[in-house]
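Accompanying notes for the structure given below.
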Amino acid sequence: MSIRSLPAMLLPTLGLLIWASGCRTSPNVGSAASAYVVPLSAAQAPMVTVRQIVERDSLVGRRVRVGGVCAIAGTGPSAGVWLLQAGAWAIEVRGLVPPSCFKVPVGSEALTIFAQIEGADSTERLLLRLPD
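Position one of the sequence shown corresponds to residue 279 (the numbering used here), numbered consecutively onward.
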């Protein structure tokens, strides 16, 4: 092999490397996962389940819509604290208590709320209810 033939042999390899690098995109560039847009209203927020809120750490700090029934509401100094239940899953909610919490029987009316998820882990997870 001569030194003159070396550059000619490298050209196809160099061309392949340039083509391959041009076809590759950076991860998360332009993807929805890269930028969380804070919903300003309930209509803009994604719908999630109580179970997802309890199990997924990735939802902490997010604003969501979540459905369920009022299981119990605090009174007196605990006013503004209530439980949202969906099936076997329940989560503490702080904020405006829906009127259905005070109807008999409690938990007879389905509701959907707009809230922000807070809490470091699933044992401390709670919802801060936001105005619809």
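Every residue, glycine too, gets a C-beta built ideally from N, C-alpha and C. Note that the structure is a prediction, hence the values are computed from the model and not measured.
Cα-Cα separation between residue i and residue j, rounded to whole angstroms
i	j	result
residue 370	residue 332	11 Å
residue 342	residue 377	21 Å
residue 387	residue 315	31 Å
residue 394	residue 326	12 Å
residue 345	residue 364	7 Å
residue 320	residue 347	18 Å
residue 400	residue 382	30 Å
residue 354	residue 385	20 Å
residue 402	residue 410	24 Å
residue 317	residue 335	19 Å
Per DSSP, cross-strand counterpart(s) of residue i
i	result
residue 345	390
residue 372	359, 406
residue 364	367
residue 350	361
residue 396	404
residue 332	According to DSSP, which records beta bridges pairwise, residue 332 is partnered with nothing at all.
Contact belief for residue i with residue j at Cβ below 8 Å, rounded distance in angstroms
i	j	result
residue 313	residue 392	Between residue 392 and residue 313 the Cβ distance is about 21 Å, and since that is not below 8 Å, they are no contact.
residue 407	residue 374	6 Å
residue 351	residue 380	7 Å
Contacting residues, own chain, Cβ-Cβ under 6 Å from residue i (five flanking each side not counted)
i	result
residue 404	370, 396, 397
residue 329	367
residue 390	343, 345
Cutoff 7 Å; reference residue i; Cβ partners in own chain excluding five residues on either side
i	result
residue 295	Low local confidence applies: a pLDDT of 40 at residue 295 is under 50, so the model's placement there is unreliable, and no value is given.
residue 337	326, 330, 331, 395
residue 304	Low local confidence applies: a pLDDT of 42 at residue 304 is under 50, so the model's placement there is unreliable, and no value is given.
residue 359	352, 370, 372
Distance cut-off 7 Å: residue i Cβ against heavy atoms of the ligand ZN
i	result
residue 349	This structure lacks the ligand ZN, and indeed carries no ligand of any kind.
Neighbourhood of residue i by C-beta, 8 Å cutoff - its chain only, sequence neighbours within 5 removed
i	result
residue 349	360, 361, 362, 363, 368, 384, 385
residue 339	394, 395, 396
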